[in-house]
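In this note's numbering, the protein residues as written are 24 to 292. Positions of the beta carbon are idealized from the N, C-alpha and C atoms, including for glycine. In what follows, a structure is listed as structure tokens, so that the remarks can point back to it.
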């Protein structure tokens, strides 16, 4: 926010807009959407804002960087509707979703490392004259795949029924035929199930593998996604800090429920 009128001095829409580098229409939209507390009106009907509104706007814009505009607006709107527990529940839900994303990312990384050796390991194998890991031949039957993985054929059928595997069917007989990609997927499911991952957690792992093709493209994508999640975590921490400061102020002043000295009151129209 830019420097501007001294704290405590009433602000017009244009004043608040200039402080934030926004248009006056955006300020009106934010107030009407509940992102800002209700503004008082002059006798001629013009909105007047205070430093509390300025802090609310700063808080919202800080929240947006980590929580996104939709969730940030819901948090502020719920807070201004005098439902602090519900507002904090929205914060909790956003952090829980981020934690879920990190879990899926970790699962994909674990599956990738179990299937594809990292470049340095592969290089050492070549230097030592060791042959590359053998790939399964095409056209394996379900019993052969089960024996290869050390699982029961019933497990493979359950994974297929859950949509995790989709082997082709042989013409005429209808027997399942597992190609190299199908065996890879089965290995991923087996590895993650042994780690107590749920089907809903395994599904995005398989989607990543199929989209990126495994190996270095997926490893690079995982690195980029991990960096993005870390940056988002930092932004969410900053947003939560701004929200904590704003919540302390409006709770102490009672500005979410009505007019107080130095704080906004309900809009008469």
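Problem set entry | Chain-order list of residues whose beta-carbon lies under 8 Å from that of residue 226 (same chain, five-residue window excluded) | As a first step, residue 226 is located in the chain shown; it is residue number 203 there, counting from the start. If we look at residue 226 and ignore the five residues flanking it on each side, its Cβ neighbours are 186, 187.
For this session: Mind the definition here: the stretch 46-54 touches the stretch 207-221 only if three or more C-beta pairs lie below 8 Å; say whether that holds.
Result: Taking a cut-off of 8 Å for Cβ pairs, the stretch 46-54 and the stretch 207-221 do not touch, as fewer than three such pairs fall below it.
Exercise. Got a sec? Which residues, its chain only, sit under 6 Å from residue 163 by beta carbon, not counting five neighbours each side?
Worked result: Counted from its first residue, the chain shown places residue 163 at position 140. So the qualifying residues of the chain are 201.
For this session: Note down, one range per segment and in chain order, each alpha helix (DSSP H) of at least 4 residues found wholly within the stretch 55-125.
Result: Runs of the alpha helix (DSSP H) inside the stretch 55-125: 74-103.
For this session: Consult DSSP for residue 229 and reduce its assignment to one of helix, strand or coil.
Result: Counted from its first residue, the chain shown places residue 229 at position 206. Correct three-state label for residue 229: helix.
Exercise. For the alpha helix (DSSP H) that contains residue 40, what are its first and last residues?
Worked result: The sequence position of residue 40 within the chain shown is 17, counting from 1. From DSSP, the alpha helix (DSSP H) with residue 40 extends over 36-43.
Exercise. Is the stretch 250-269 in contact with the stretch 112-122, if contact means three or more CB pairs nearer than 8 Å?
Worked result: In this structure the stretch 250-269 lies against the stretch 112-122, because at least three pairs of beta carbons, one per stretch, are closer than 8 Å.
Problem set entry | Rounded separation between residue 99 and residue 213 - CA only | Counting from one through the chain shown, the residue named residue 99 turns up at place 76. Counting from one through the chain shown, the residue named residue 213 turns up at place 190. Taking the CA atoms as reference points, residue 99 sits about 44 Å from residue 213.
Problem set entry | Secondary structure of residue 178, DSSP reduced to three states | As a working mapping, residue 178 is identified with position 155 in the chain shown. For residue 178, the secondary structure class from DSSP, reduced to helix, strand or coil, is helix.
For this session: Take the Cβ of residue 193 as the centre, count every other Cβ of all protein chains shown within 10 Å, and call the residue buried at 16 or more, exposed below.
Result: Reading the chain shown from its first residue, position 170 is the one you call residue 193. Of the other Cβ atoms in all chains shown, fewer than 16 fall within 10 Å of the Cβ of residue 193; this residue is therefore exposed.
For this session: Would you mind sorting residue 70 into buried or exposed? The rule is 16 or more other CB atoms within 10 Å of its CB.
Result: Position 47 of the chain shown, counted from the start, is the residue given in the question as residue 70. The residue is buried, with at least 16 neighbouring Cβ atoms inside 10 Å.
Exercise. Hey, how far is the Cα of residue 181 from the Cα of residue 130?
Worked result: Counting from one through the chain shown, the residue named residue 181 turns up at place 158. Counting from one through the chain shown, the residue named residue 130 turns up at place 107. Distance between the alpha carbons of residue 181 and residue 130: 20 Å.
Exercise. When you compare only the Cα positions, how much space is there between residue 175 and residue 207?
Worked result: As a first step, residue 175 must be located in the chain shown, where it is residue number 152. As a first step, residue 207 must be located in the chain shown, where it is residue number 184. The alpha-carbon atoms of residue 175 and residue 207 are separated by roughly 16 Å.
Exercise. Can you name, in chain order, every residue of its own chain whose Cβ lies under 8 Å from the Cβ of residue 133, other than the five neighbours on each side?
Worked result: Translated into positions along the chain shown, residue 133 becomes position 110. Here the set comprises 214, 215, 218.
Problem set entry | Residue of 68, 64, 92, 32 minimising C-alpha distance to residue 53 | As a working note, residue 53 is residue 30 in the chain shown. Selected option, being the one with the closest Cα: 92.
For this session: With a threshold of 16 other CB atoms inside 10 Å of the CB of residue 234, please say whether the residue is buried or exposed.
Result: What you label residue 234 is simply residue 211 of the chain shown in a count that begins at 1. With fewer than 16 other Cβ atoms within 10 Å, it is exposed.
Problem set entry | Classification of residue 274 by the beta-carbon crowding that lies within 10 angstroms, buried from 16 upward | Residue numbering aside, residue 274 sits at position 251 when the chain shown is read from its first letter. With fewer than 16 other beta carbons inside 10 angstroms of its own, residue 274 counts as exposed.
Exercise. DSSP state of residue 164, grouped into three classes?
Worked result: Within the chain shown, residue 164 is the residue found at index 141, counting from 1. Per DSSP, reduced to three states, the secondary structure at residue 164 is coil, with no helix or strand assignment.
Exercise. Just reading off the alpha helix (DSSP H) that residue 215 is part of, what are its end residues?
Worked result: Counting from 1 along the chain shown, the entry for residue 215 is found at position 192. Membership of residue 215 in the alpha helix (DSSP H) is indicated by the continuous run 203-217.
Exercise. In three-state terms, what does DSSP make of residue 185?
Worked result: In the chain shown, residue 185 corresponds to position 162, counting from 1. Correct three-state label for residue 185: coil.
Problem set entry | CA-to-CA distance, residue 81 to residue 43, given in whole angstroms | Counting from one through the chain shown, the residue named residue 43 turns up at place 20. Counting from one through the chain shown, the residue named residue 81 turns up at place 58. Going from the Cα of residue 43 to the Cα of residue 81 covers about 8 Å.
Exercise. Three-state secondary structure (DSSP) at residue 8?
Worked result: In the structure as shown, the chain begins at 24 and stops at 292. Residue 8 is therefore absent and cannot be evaluated.
For this session: Can you tell me which of 37, 60, 88 puts its alpha carbon nearest to the alpha carbon of residue 255?
Result: By one-based count along the chain shown, residue 255 stands at place 232. When each option's Cα is compared against that of residue 255, the closest is 88.
Problem set entry | Beta-bridge partners of residue 191, as assigned by DSSP | Residue mapping note: residue 191 aligns to position 168 of the chain shown, counting from 1. Its beta-bridge partners are 200.
Exercise. Looking only at C-alpha atoms, which of 272, 270, 264 sits nearest to residue 90?
Worked result: Here residue 90 refers to the residue found at position 67 when the chain shown is read from its first residue. When only C-alpha atoms are compared, the closest one is 264.
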